[in-house]
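Using this note's numbering, read the sequence shown as starting at 248 and increasing by one per residue.
Backbone N, C-alpha and C define an ideal beta-carbon position, used for all residues, glycine too.
Everything below concerns the one structure shown next.
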Amino acid sequence: KEKRVFIFNPGPAALPIPVLEEVREEMLSFRGTGMSILEISHRSKEFEEVLNTAVLRIKRLLNLNDDFEVVFIQGGASLQFAMVPMNCAQPGKPIAYVDTGYWSTKAIQEAQRIVDDVCIVASSKDRNYTYIPKEIPIDDNFSYLHITSNNTIKGTQWWKFPKTGNIPLVADMSSDIFSRVFDPRPFGIIYAGAQKNAGPAGVTIVIIRKDMLERIPKNLPTMLNYTTFVEKNSLYNTPPCFAIYVVEKVARWLEENIGGVAAMEEINRKKANLLYGYIDSQDFYRNPVQPEDRSWMNVVFNLPSPELEKLFVEEATREGLVGLKGHRSVGGCRASLYNGVPLEAVEVLVDFMKEFARRNG
Ligand code: PMP
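Here it is as structure tokens:
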């Protein structure tokens, strides 16, 4: 049997072992069909049940009432950077964005290709995106306010969402969906690429509050219109069947093995406290983020020099701790502690960090 390593990849990322084992068991014949999920029709009753169950589980996990629709779209979170303004910008009303670094900057740049009036209401660029802006000016005239709930590269996370009154919040939750409890009601749109906390790459979960459907322009191309996905239950065209199938299993694991998002949040709290606690207890490793804005999902850290960072990543990889290199845009190191990463992996990581610091400090 091949050995598993400890996976700290930023996405695609670690998946729960029971999910992978089930996928393996069902690979030659899915639910007595004699076919794998890769070979079965997306119009079969077996697949439709998978899709509907995935939607139900996501709704239960996130406390979504019947005001919300859940759909599956391809094209990654990156396509949502365009679909959100295409579907949700209202004529004569600016769309508002908070710039918290890399992915939110990309969302802003994409929106600017589509809508003339993009308002950057707050930004943490002045301190290299090491914090979350706290004062967010809200104008009654905004179409929506877009935030990135967890900043995968900069290692920051929103712990208190802005109060927007009647203005719908729109959030890119790609790297923290299902990781902690939140009130979904202020959100008009939530989107998340599955490949961090929810499953494999290839599908994006999009949650749409029904009132948002009323503002969608009629002339959008079919595949860029949220209405198509809502009305056809994500089956207008062939969906990414395998990715949705794994998302359903991850959601089941979260409900049945973990006990839901609140229980997951407690595990994530332990993981983050363990790693930040160690980092704060010494001065070989440093985390640049303002403490109250630290991400529980992506812990970024620096060593005394880029040479030591390179050596750290190489030695860690040899020890079976993979994916610790920081994003190419920022360098340094990063441990991604998504839902699929067990507490044990963080314990092994901290032990390795202590030992590496002793030898190189
Ligand atoms: N938003 C965030 C917060 C992300 O972390 C990522 C992926 N790392 C993206 C968007 C882009 O996602 P995709 O590759 O699915 O387009």
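For the 9 Å CB-CB criterion, Ala358 and Val317 do not form a contact.
When Phe434, Asp346, Leu285 are compared, the shortest CA-CA separation from Pro487 is found for Leu285. Per DSSP, Phe328 is not a residue of any beta strand (DSSP E); the alpha helix (DSSP H) it occupies stretches across 323-335. Not a single heavy atom of ligand 1 lies less than 8 Å from the C-beta of Thr403. Asp419 sits in a strand when the DSSP states are folded into three classes. Taking a cut-off of 8 Å for Cβ pairs, the region 533-544 and the region 402-416 touch, as three or more such pairs fall below it. Three or more beta-carbon pairs separated by less than 8 Å are not found between the region 362-373 and the region 487-506, which leaves the two stretches without contact.
Boundaries cannot be given for Phe429, as no beta strand (DSSP E) includes it and DSSP labels it neither H nor E. As summarised for the region 526-567, the continuous beta strand (DSSP E) elements at least 3 residues long and confined to that stretch are 545-548, given in chain order.
Counting along the chain, the unbroken beta strand (DSSP E) around Tyr438 starts and ends at 434-440. Under the three-state reduction of DSSP output, Asn397 falls in the strand class. CA-CA distance, Tyr483 to Tyr438, rounds to 19 Å.
Scanning Asp346, Leu460, Pro265 for the CA closest to the CA of Lys372 turns up Asp346. Looking from the CA of Gly402, the closest CA among Ile414, Met459, Phe599, Asn375 belongs to Asn375. Within the model, the alpha-carbon separation for Arg462 versus Arg432 is close to 18 Å. In the structure shown, the three-state DSSP call for Ala301 is helix. Shown here, Asp313 sits in coil according to DSSP, grouped into three states, outside any helix or strand. Exposure of Ile264 is indicated by the presence of fewer than 16 other C-beta atoms within 10 angstroms of its C-beta. With a contact defined as Cβ atoms closer than 8 Å, Leu392 and Thr411 qualify at about 5 Å. Annotation for Trp350: Ala324, Thr395, Asn398, Thr399, Ile400, Asp419, Ser421 place their beta carbon closer than 8 Å to its own, counting only its chain and skipping 5 residues before and after. The region 447-529 contains, as complete beta strand (DSSP E) runs of 3+ residues, the segments 451-456 (chain order).
Glu562 is positioned such that its CB atom lies closer than 9 Å to that of Phe603.
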